[in-house]
Structures are given as structure tokens and as C-alpha cells.
Amino acid sequence: MQNSLRMNGIHQVHSISEREHQPNNSYLNHISTCFFRNKSIDAQKLKIKKGDSIFNNGDDHQHLYIIRVGFIKIENCLPNGQYQITQFGMSGDLLGLDGIADGKHHLAAYALNDGELYAINVKILHAAMNMDHSLLMTITQLLSSALNHSQQHIFSLSMHTAEKKLAYFLIDFRNSLNRLCMRTDTITLPMNREELRSYLGMTLETLSRCFTYLERKGYILVRNRDITFLEPGRLEQFLEINPEK
Numbered sequence: 001m002q003n004s005l006r007m008n009g010i011h012q013v014h015s016i017s018e019r020e021h022q023p024n025n026s027y028l029n030h031i032s033t034c035f036f037r038n039k040s041i042d043a044q045k046l047k048i049k050k051g052d053s054i055f056n057n058g059d060d061h062q063h064l065y066i067i068r069v070g071f072i073k074i075e076n077c078l079p080n081g082q083y084q085i086t087q088f089g090m091s092g093d094l095l096g097l098d099g100i101a102d103g104k105h106h107l108a109a110y111a112l113n114d115g116e117l118y119a120i121n122v123k124i125l126h127a128a129m130n131m132d133h134s135l136l137m138t139i140t141q142l143l144s145s146a147l148n149h150s151q152q153h154i155f156s157l158s159m160h161t162a163e164k165k166l167a168y169f170l171i172d173f174r175n176s177l178n179r180l181c182m183r184t185d186t187i188t189l190p191m192n193r194e195e196l197r198s199y200l201g202m203t204l205e206t207l208s209r210c211f212t213y214l215e216r217k218g219y220i221l222v223r224n225r226d227i228t229f230l231e232p233g234r235l236e237q238f239l240e241i242n243p244e245k
């Protein structure tokens with residue numbers, strides 16, 4: 001691999017096919033099938049370690065990545081060292097869309113824990129898209145989904161109080177895990193509080209106060225990174241939204 005992947009020593013396992021066994025994840029299976037049923041796409045499965053850099057701001061855009069296992073943080077970094085985390089990616093999410101416009105990455109991606117990625121060469125992908133309209137539709141749908149999620153995050157940052165920003169994030173994160181067939185009343189956050197603070201646009205002190213507030217009100221139970229939802233629907237009611245079915 002090139003750029004960040006080559007430098008940090010991410011281990012390339014092997015080429016994959018449509019028939020390769022996937023985790024018990026219908027969403028990931030759907031995305032993988034859409035890409036890999038096209039025999040011209042020779043994707044590679046990569047093992048990653050916590051802290052590995054997937055790509056950096058300024059890297060050539062050579063691959064798109066599908067997260068198979070694990071969690072990834074996406075950062076917007078400035079030359080003066082300032083940064084903000086803009087996304088936490090999980091299984092089935094597509095990474096590297098930021099480089100489509102001009103062939104350069106404008107964001108940075110790092111592994112939050114050990115995991116696996118599928119790497120797809122963009123030149124091969126572009127050629128396949130010209131021949132396979134269903135593949136083009138899949139990319140378009142993923143772009144639309146990423147845009148919608150980004151707009152929802154911006155809305156939460158601009159309209160919600162600090163406590164509701166955290167509540168919205170916890171509900172959204174749990175719902176995302178539910179879609180991955182990981183239904184549970186207790187979620188384990190893969191990010192630390194500094195990373196979550198950056199994503200939510202608040203100070204560490206404010207984030208700590210928000211956790212304390214939600215716990216004191218009886219919405220959640222906090223044990224380090226383990227967050228338990230105490231009563232079904234109560235946190236959604238706090239946000240005045242309906243629980244996801």
C-alpha cells in the first residue's frame with residue numbers, strides 16, 4: 001500500500017471475493033456484496049492496530065476503505081495543529097470519500113482499536129463503475145448517507161444544549177450498533193473522552209458535567225466507557241424524539 005498505510009506497517013492479508021465469510025452483520029454483507037460481486041474489483045483485506053494511520057491530510061487518494069471490524073476516527077486537521085474529530089466510523093462504513101474531488105485527502109483517519117479494513121483501488125473502482133451502474137448507485141447512496149449524517153451532526157452541534165448533544169450522540173451510537181445486529185442496553189465507547197469532547201465541540205469539563213447530569217437524572221449508568229441505558233425510551237424522550245424501533 002502507499003502513503004500512510006505503507007509507513008505504519010498495516011498488514012495486508014489477502015485478496016477477497018464476494019464469497020468470503022463476513023461477520024454477522026447484514027449491513028456490511030450488503031455493502032461488501034455490492035462491491036465485490038464485480039470480478040474486476042480486487043480488494044485487499046488489511047489488519048490494523050490501535051493508533052494506525054489509515055490516511056493523512058495531503059496524501060494521494062489511492063484507495064477507498066470499507067471498515068470490516070473495529071472503529072475509526074476521522075479528523076479535520078489544520079496546519080497550526082488544531083483539529084476536530086468529524087466522524088467515528090464503524091463496521092460497514094466507507095472511508096476516503098474526502099479525496100474524490102481532487103485526488104488528495106483533506107482529512108486524516110486513525111484506528112481507535114484493532115480491526116480490519118477492505119482497501120479498494122480507486123482507479124480500478126472508477127473503471128468498474130463505468131461498466132456497472134449498480135455499483136455507481138451504491139457509491140451514490142453511501143455519499144448521500146454520509147452527507148445526511150454530517151448534516152444531522154451539524155444540526156445537533158448548533159441547536160442542542162450540551163446535555164442534549166451527548167444524549168443525541170449516545171442514542172445515535174447505540175442505534176448504529178443495533179443496525180449491526182449488536183443490540184444491547186449497554187454500549188462500550190471505543191473513543192476516550194478527549195476524542196468524544198472534540199467530536200461534540202465542548203470542553204472536557206463540560207462533557208464530564210453532561211455525563212453526570214444524565215446519570216443523576218436516571219437516564220444512564222456510567223462505568224468508565226461502559227454506558228447503560230436504564231429505561232427504554234427515556235433518553236429519547238429527553239430529546240423529544242421517538243425511540244428507534
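Using the UniProt record's numbering, you'd call the opening residue of the sequence shown number 1 and step up by one each time. Glycine included, every Cβ here is placed at the ideal spot set by N, Cα and C.
By the Cβ rule, the stretch 97 to 106 does not count as touching the stretch 218 to 229, because fewer than three pairs are nearer than 8 Å.
DSSP places Q44 within a strand segment (E or B) once states are collapsed to three.
Judged by pairs of C-beta atoms under 8 Å, the stretch 76 to 96 touches the stretch 107 to 115, as three or more such pairs exist. In this chain, the alpha helix (DSSP H) harbouring Q152 covers 133 to 159. By the Cβ test, the stretch 157 to 165 is not in contact with the stretch 38 to 57, since fewer than three Cβ pairs between them sit closer than 8 Å. Judged by beta-carbon spacing, L235 lies within the 9 Å limit of L214, meaning their Cβ atoms are closer than that value.
Y65 places its beta carbon less than 9 Å from that of I120. Proximity to T184 across N192, P190, M191, N175 peaks at N175, based on C-alpha coordinates. Three or more Cβ pairs closer than 8 Å define a contact, and the stretch 48 to 55 falls short of that threshold against the stretch 121 to 141. Note on the UniProt domain "HTH crp-type" (160 to 233): whole alpha helix (DSSP H) runs with a minimum of 4 residues are 162 to 179, 193 to 200, 204 to 216, in chain order.
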